[in-house]
Amino acid sequence: AVDLHIQRLQKKGTTQKVVLILFEATLEILVAGPENESIEDTKVVPESSIDGVALHSMNVSGSELYQLERLVAIGSNLAKSNMARVDTSGNTFSNHVRKLVTKGATALGPALAVAYGIAKDVPGSEIIACTDGCANEGVGKDRTFYEKLGRDASESGIVVNVLGIDGSDVQLDFIGAAADISGGTVNIVNPMELVRQVRTISQEPIVATNVETRVFLPETVVASSGLLTCAEVIPEPALKSGGVISRKLGTVTVEKDLTLDIQLANPKSVPDTIPLQMEVEYTDLQGERHIRVFTHLLEVTKKREEATERADVSVVALHILHTVAGLALRGKKTEARTLLFMGRRLLMQLAVTDNQQEEYSYFVSLSEDLDTGLRAQRTGDALSKILFNTKGLSQSKLLCGERKVELVERRKVAVEMQEKVGKNIEALY
Numbered sequence: 001a002v003d004l005h006i007q008r009l010q011k012k013g014t015t016q017k018v019v020l021i022l023f024e025a026t027l028e029i030l031v032a033g034p035e036n037e038s039i040e041d042t043k044v045v046p047e048s049s050i051d052g053v054a055l056h057s058m059n060v061s062g063s064e065l066y067q068l069e070r071l072v073a074i075g076s077n078l079a080k081s082n083m084a085r086v087d088t089s090g091n092t093f094s095n096h097v098r099k100l101v102t103k104g105a106t107a108l109g110p111a112l113a114v115a116y117g118i119a120k121d122v123p124g125s126e127i128i129a130c131t132d133g134c135a136n137e138g139v140g141k142d143r144t145f146y147e148k149l150g151r152d153a154s155e156s157g158i159v160v161n162v163l164g165i166d167g168s169d170v171q172l173d174f175i176g177a178a179a180d181i182s183g184g185t186v187n188i189v190n191p192m193e194l195v196r197q198v199r200t201i202s203q204e205p206i207v208a209t210n211v212e213t214r215v216f217l218p219e220t221v222v223a224s225s226g227l228l229t230c231a232e233v234i235p236e237p238a239l240k241s242g243g244v245i246s247r248k249l250g251t252v253t254v255e256k257d258l259t260l261d262i263q264l265a266n267p268k269s270v271p272d273t274i275p276l277q278m279e280v281e282y283t284d285l286q287g288e289r290h291i292r293v294f295t296h297l298l299e300v301t302k303k304r305e306e307a308t309e310r311a312d313v314s315v316v317a318l319h320i321l322h323t324v325a326g327l328a329l330r331g332k333k334t335e336a337r338t339l340l341f342m343g344r345r346l347l348m349q350l351a352v353t354d355n356q357q358e359e360y361s362y363f364v365s366l367s368e369d370l371d372t373g374l375r376a377q378r379t380g381d382a383l384s385k386i387l388f389n390t391k392g393l394s395q396s397k398l399l400c401g402e403r404k405v406e407l408v409e410r411r412k413v414a415v416e417m418q419e420k421v422g423k424n425i426e427a428l429y
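What follows is the structure, given as structure tokens:
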């Protein structure tokens, strides 16, 4: 899976740089650079050179594995070295990866700390962590470590992805927090599915970093549950009418969707329209800061039939699934089950047209494992996998065929335009 991922990056001819961190009872950090040039605190791996590009290795062990600031500094210093780009180092890495063998313990925490140090000054970077065991060496033996790492990564414009191997205890509820908060992927996969899963991650490109959103509400409505995102669900008290909801989303991929639940401030006074405005402030992949403002005048009807006919089942379903998973991850499984049951009944009533019924059927399919896990009071990696996957769902997974084609085309055009802008800017420099 690692080999094929590097090959894909190499074929794209990207300017990205690859670092491989092998973790057991110690860390071995592998970077690629010119064979005849030294990289500070590293040694050239014997017989690793291909076309003048060799692997340079650094080992971290002992007390250093327990010093978080030291680990981040090691990564930060390596990032400043003369590392080769993946289009020239891909063959060197691939040749070495095929020779790797499994070893002992699992210094996952230290490996993630070094990876963060390497990537923290390069917004748009990605970390893919794959493990077949729980962290048992060095830092990273409690959930707070991974929550902080996720927040730091998000603020630095980095996405952390975590893959656990099926059949092993990786404590996904701990390590998954880093990916959850940073907007990355969390999954438990069969070893035979690793190639597909890593490919899936690479097919969800980052579109912006340091994203902040602000939703402005009129006096006629209140937000009942705050702003919910597929990366993180934070409970917020009901706001006063005319409030502003602010959320920092960090790094955003092409598949990230968020929803907002609003209610009338006074149910006895129903306005004809509700004006909504949203500001999105973000940094693009070229480092430029932007702000976009979206304004929408939401029409209100008192006729149930009209509301049902025009209901977007995919949005309501997505909101329900995200909220249920968020509640369950906070330990509120009874509330989560109740909401899932009520949500299913609501969607059943809304699903009138053929497209709505198709989207409702996707909701039923996606919620089956979630419902089973909550009813059986499952714990451990099995339930964590279901909850993180549900929380990370995008609207595209719930759209009917006709609407899905439209969405894919829109996103494809947007990504192509962004890549074109990036290449033009590169050419200028």
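This note's numbering puts the first residue of the sequence shown at 1, with every later residue one more than the last. Don't be surprised by glycine CBs; every beta carbon is placed ideally from N, CA and C.
Query, Result
"Strand pairing of Cys134, partner residues [DSSP]", "The partner list for Cys134 (beta bridge, DSSP) is empty, contrary to what the question assumes."
"Whole-angstrom C-beta distance between Asn95 and Thr51, which should lie under 8 Å", "As written in the sequence, residue 51 is Asp, which differs from the Thr given in the question. About 11 Å separates the two Cβ atoms, so there is no contact after all."
"Phe294 classed as buried or exposed, judged by whether at least 16 other C-beta atoms fall within 10 angstroms", "exposed"
"Cβ-based neighbour list, Ala427, same chain, cut-off 8 Å, excluding 5 preceding and 5 following", "Here the model assigns Ala427 a pLDDT of 49, short of 50, so the residue's position is not dependable and the matter cannot be decided."
"Close-in-space but distant-in-sequence residues of the same chain around Glu64 (CB under 6 Å, 5 per side omitted)", "Arg70"
"Run of the beta strand (DSSP E) containing Tyr282, from where it starts to where it stops", "Thr273 to Thr283"
"Collapsed DSSP secondary structure at Gly401 in the structure displayed", "helix"
"For Leu339, the first and last residue of its enclosing alpha helix (DSSP H)", "Lys333 to Leu350"
"Range of the contiguous alpha helix (DSSP H) that encloses Gly150", "Arg143 to Glu155"
"Sufficient close CB pairs (3 or more, under 8 Å) joining the segment 23-43 to the segment 73-91", "yes"
"DSSP bridge partner residues for Asn59 (one or two, in chain order)", "Glu28"
"Identity of the residues DSSP links to Ala265 by a beta bridge", "The partner list for Ala265 (beta bridge, DSSP) is empty, contrary to what the question assumes."
"Classification of Asn161 by the beta-carbon crowding that lies within 10 angstroms, buried from 16 upward", "buried"
"Segment limits, beta strand (DSSP E) that includes Thr431", "Residue 431 falls outside the range modelled here, since the chain spans only 1 to 429, and no answer is possible."
"Sequence-distant residues of its chain with Cβ nearer than 8 Å to Arg345 (five each side left out)", "none"
"Three-state secondary structure assigned by DSSP to Val2", "helix"
"Burial state of Glu299, where buried means 16 or more other Cβ atoms lie within 10 Å", "exposed"
"Asn82 - DSSP class collapsed to helix/strand/coil", "coil"
"Minimum C-alpha distance to Thr88 - residue among Lys17, Ala223 and Arg199", "Lys17"
"Three-state secondary structure assigned by DSSP to Ala376", "coil"
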